[in-house]
């Protein structure tokens with residue numbers, strides 16, 4: 001009888017010590033962490049250089065705090081990841097059966113590639129704030145106050161007196177004051193001259209920019225970028 005009990009105990013322990021069970025548990029844990037807490041993303045483009053290095057597979061791996069979306073609108077200067085809609089160039093392309101299967105796995109588990117298309121940008125202004133450019137030094141103004149943006153890389157040319165907001169032609173950096181709508185964010189890339197951002201369709205516009213601005217609905221924000229995790233040589237916290 002005792003021998004039978006010991007055999008049953010061994011059989012009971014055997015199923016949860018099986019390698020496949022260990023793998024499944026690990027997948028579930030990783031999926032839960034990435035879905036609700038922290039998710040790893042690869043920077044898709046070079047629009048955030050030189051703060052973040054983009055370029056698909058070789059882009060920086062960044063850590064995104066998914067709980068930040070529950071803490072109100074991100075403040076000016078924060079870097080966020082958001083899922084893009086048609087206004088931001090989302091596509092409906094269908095890949096091979098294998099790639100689609102991999103993406104469906106990613107949809108369910110938040111591990112690896114998925115059907116989600118996303119962008120990484122810096123928040124400049126949120127709902128109700130005004131944003132414009134430029135002051136005499138070529139700086140962006142939020143609620144009339146200039147931003148100190150030492151992270152900007154390769155901005156559009158601006159030279160007070162010869163190429164500014166009062167000259168003809170005006171600097172491409174310039175745009176008229178815009179009020180950010182409710183539940184929306186105004187975002188720009190750090191690589192200003194190479195970024196599909198809120199002003200992507202407005203550069204060089206004369207007059208009001210309401211018709212060409214693209215804002216990000218707050219509900220599409222995945223979370224706030226708080227670290228570069230890979231490569232290790234670029235490790236940093238934000």
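Residue numbers (the UniProt record's numbering): 1 to 238. All residues carry an ideal CB built from backbone N, CA and C; glycine is no exception.
Residue of the options minimising C-alpha distance to residue i
| i | options | result |
| --- | --- | --- |
| residue 215 | 82, 100 and 165 | 82 |
| residue 39 | 68, 182, 174 and 150 | 68 |
| residue 132 | 165, 65, 238 and 64 | 165 |
| residue 122 | 86, 160, 76 and 105 | 76 |
| residue 160 | 147, 136, 140 and 151 | 136 |
| residue 234 | 28, 59, 36 and 154 | 59 |
| residue 116 | 148, 163 and 35 | 35 |
| residue 73 | 141, 57, 124 and 37 | 124 |
| residue 237 | 51, 57 and 23 | 51 |
| residue 204 | 190, 163 and 227 | 163 |
| residue 90 | 227, 220, 225 and 25 | 220 |
| residue 157 | 134, 151 and 141 | 134 |
| residue 231 | 43, 26 and 27 | 43 |
| residue 226 | 114, 185 and 37 | 37 |
Range covered by the beta strand (DSSP E) that runs through residue i
| i | result |
| --- | --- |
| residue 63 | 61-65 |
| residue 76 | That residue, residue 76, is in no beta strand (DSSP E); it is neither H nor E in DSSP. |
| residue 30 | Unbroken run through residue 30 is the alpha helix (DSSP H), 19-36; no beta strand (DSSP E). |
| residue 132 | 130-133 |
| residue 193 | No beta strand (DSSP E) contains residue 193, which DSSP labels as neither H nor E. |
| residue 239 | Residue 239 falls outside the range modelled here, since the chain spans only 1 to 238, and no answer is possible. |
| residue 178 | 175-179 |
C-alpha distance - residue i paired with residue j, whole-angstrom precision
| i | j | result |
| --- | --- | --- |
| residue 32 | residue 79 | 23 Å |
| residue 1 | residue 19 | With a pLDDT of 47 at residue 1, under the threshold of 50, the predicted position of this residue should be treated as unreliable, though the coordinate-derived value follows. Roughly 30 Å between the two C-alpha positions. |
| residue 143 | residue 96 | 48 Å |
| residue 130 | residue 180 | 6 Å |
| residue 71 | residue 168 | 44 Å |
| residue 120 | residue 172 | 22 Å |
| residue 213 | residue 65 | 27 Å |
| residue 62 | residue 41 | 5 Å |
| residue 223 | residue 102 | 23 Å |
| residue 183 | residue 23 | 41 Å |
| residue 57 | residue 99 | 15 Å |
| residue 170 | residue 105 | 49 Å |
| residue 87 | residue 128 | 21 Å |
In DSSP terms, what residue i is bridged to
| i | result |
| --- | --- |
| residue 217 | 184 |
| residue 122 | 79 and 188 |
| residue 228 | 62 and 236 |
| residue 169 | Residue 169 pairs with nothing; no bridge assigned. |
| residue 159 | 163 |
| residue 42 | 61 |
message: Any contact between the region 207-224 and the region 176-188? By contact I mean 3 or more CB pairs, one from each, below 8 Å.
response: With a cut-off of 8 Å, the region 176-188 and the region 207-224 count as touching, because enough Cβ pairs lie within range.
message: Does the contact criterion of 3 or more C-beta pairs under 8 Å hold for the region 192-203 versus the region 46-55?
response: yes
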